[in-house]
Amino acid sequence: MSSTQTESRPRPAQRRSASLSRRDAKLARKDHAIRLRKASGGNGVPVRLTPAQKVMDILLHLIMLIMVIYCLIPLIWLVFSSTKTNEGLYSSPGLWFSDQNAFFQNIHDVFVFQDGTYGRWLINTLVYAIVAGLGATLFATFAGYAIATMKFHGRKALLWVTLIFMSIPSTVITVPLFLLYSKIGMTNTPWAVIIPQLSNPFGLYLMIIYAQTSIPISLVEAARIDGANTWTIFWKIAMPLLAPGFVTTLLFALVSVWNNYFLPLIMLSDVKDYPLTVGLNVWMKMGGDATYHVVPNNMILTGSLIAIVPLIIAFLFLQRYWQSGLSAGAVKQ
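In terms of the UniProt record's numbering, the sequence shown is numbered consecutively and its last residue is 333.
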């Protein structure tokens, strides 16, 4: 009996080992927390907030929460409104459902109204956004990489020109562009909407800054010494490092083209070439004009909700590439 009890008791060596394991685990957790603080910009030393700092921290979080709610309320109202009939839109609370759920009926009505013109507008918008957005991002990436990593005369001047063009609103040059395109017979064509948006000064500046901070020059020089040409270095080495900046610029470009209203309004006169921004505005005007077929407001709101969905899908698909630190540890500077 005593031998059994002796065997069941943990030996001193086992107790010391278990104690060391717990202590090592505690130290490892502490070290991990310190490294996280250092990675986030801290010095690794825990910071104790004073009562005034705690109050300020709470106030800042409340302000941010209020701003988030303020930005979400229109979207929430749009979602609820898309589920209502045209009568229920005015007889039910704005931020709640009506007695009759007409969401799927509204979607059906949107796509069959006027022989499916909404579907044509949606396809037009997708084409404009993909071609112009992707093209503008590629051009910005090519130019940004060249300006950031190559030495040539006029390099600084190009950067200043980019900054100057960033300060010019796009609406300022829309009318001159219309006059130019009308001279060469390109108005009322999809190219009149796509070509002007291939120029993206903000995207170019963003890619210049990102390339300067993410591509080690020593890595490019080592690849050149190994015999790689410029295109190989760009596609095999630089492009993976530029992926987060490329995705960021692409999302900005997609949203800019998708939401552009004034340029297609000026350039296009044929309804079948309209994007969603112009088409939905036409519907809104038709809803208040007795000379046209009246477009119910709930159908316009449902069309507006559908117009948001592709951008959300694009963000969810591209955010996986939104990562930083791809070049960390690649070379020692």
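The beta carbon of each residue, even a glycine, is placed where N, CA and C say it ideally should be.
The model shown is predicted, which means the values in this text are computed figures rather than measured ones.
| Check | Outcome |
| --- | --- |
| For residue 135, collect the residues of the same chain with a Cβ closer than 6 Å to its Cβ; drop the 5 residues on either side in sequence, then sort them by chain order. | 198 |
| So within the segment 152 to 201, which uninterrupted alpha helix (DSSP H) runs reach at least 4 residues, ignoring any that extend past its ends? | 155 to 166, 174 to 183, 191 to 194 |
| Leaving out five residues before and five after residue 119 in sequence, what residues of the same chain have Cβ atoms less than 7 Å from its Cβ? | 111 |
| In this structure, does DSSP put residue 219 in helix, strand or coil? | helix |
| On the CB-based measure, 16 or more other CB atoms within 10 Å of its CB, does residue 128 come out buried or exposed? | buried |
| Going by C-alpha to C-alpha distance, which of 234, 242, 224, 70 sits closest to residue 207? | 242 |
| Cβ of residue 121 within 8 Å of Cβ of residue 279? | yes |
| Let me check understanding here. Comparing Cα to Cα, which of 273, 102, 157, 281 lies closest to residue 80? | 102 |
| In chain order, which continuous runs of the alpha helix (DSSP H) of length 4 or greater are located wholly inside the segment 225 to 310? | 239 to 259, 262 to 267, 276 to 287 |
| Beta carbon of residue 263, beta carbon of residue 174: below 8 Å? | yes |
| Measuring CA to CA, which of 210, 177, 148 is closest to residue 247? | 210 |
| Can you list, in chain order, the residues of its chain whose CB lies under 7 Å from that of residue 95, leaving out five sequence neighbours each side? | 76, 77, 80 |
| Looking at the structure shown, is residue 114 part of a helix, part of a strand, or coil, going by DSSP? | helix |
| Do residue 149 and residue 217 have their CB atoms nearer than 8 Å? | yes |
| Less than 8 Å between the CB atoms is what I'm expecting for residue 89 and residue 281, so what's the real figure, rounded? | The pair is not a contact, with the Cβ atoms about 19 Å apart (cut-off 8 Å). |
| In this structure, how does DSSP classify residue 94 when only helix, strand and coil are distinguished? | coil |
| Residues in its own chain within less than 7 Å of residue 54 by CB, not counting five upstream and five downstream? | none |
| Classify residue 106 as helix, strand or coil using the three-state DSSP reduction. | helix |
| Please work out which residues of its chain come closer than 7 Å, Cβ to Cβ, to residue 109, disregarding the five sequence neighbours upstream and downstream, and give them in chain order. | 299 |
| Between which two residues does the alpha helix (DSSP H) harbouring residue 82 extend? | No alpha helix (DSSP H) contains residue 82, which DSSP labels as neither H nor E. |
| Between residue 301 and residue 82, is the Cβ-Cβ spacing less than 8 Å? | yes |
| What does the Cβ neighbour count give for residue 267, buried or exposed, with the cut at 16 atoms within 10 Å? | buried |
| Assuming residue 162 and residue 204 are in contact, meaning their beta carbons sit under 8 Å apart, how far apart are those beta carbons, in whole angstroms? | 5 Å |
| Taking the alpha-carbon positions, what's the residue 227 to residue 245 distance? | 27 Å |
| How close, in whole Å, do the beta carbons of residue 145 and residue 234 come, if the pair is a contact with beta carbons under 8 Å? | 6 Å |
| Helix, strand or coil for residue 57? Go by DSSP, reduced to three states. | helix |
| If you draw a straight line from the C-alpha of residue 214 to the C-alpha of residue 249, how long is it? | 15 Å |
| Residue 273 and residue 196 - do their beta-carbons sit closer together than 8 Å? | no |
| Could you tell me if residue 133 is buried or exposed, where buried requires 16 or more neighbouring beta carbons within 10 angstroms of its beta carbon? | buried |
| For residue 193, count the other beta carbons within 10 Å of its own beta carbon; 16 or more makes it buried, fewer makes it exposed. Which is it? | buried |
| With the cut-off set at 8 Å, would you say residue 237 and residue 219 are in Cβ contact? | yes |
| Within the same chain, show all residues whose beta-carbon is closer than 6 Å to that of residue 257, passing over the 5 residues directly before and after it, in chain order. | 128, 129, 132, 133, 197 |
| Within this structure, are the beta carbons of residue 178 and residue 187 separated by less than 8 Å? | yes |
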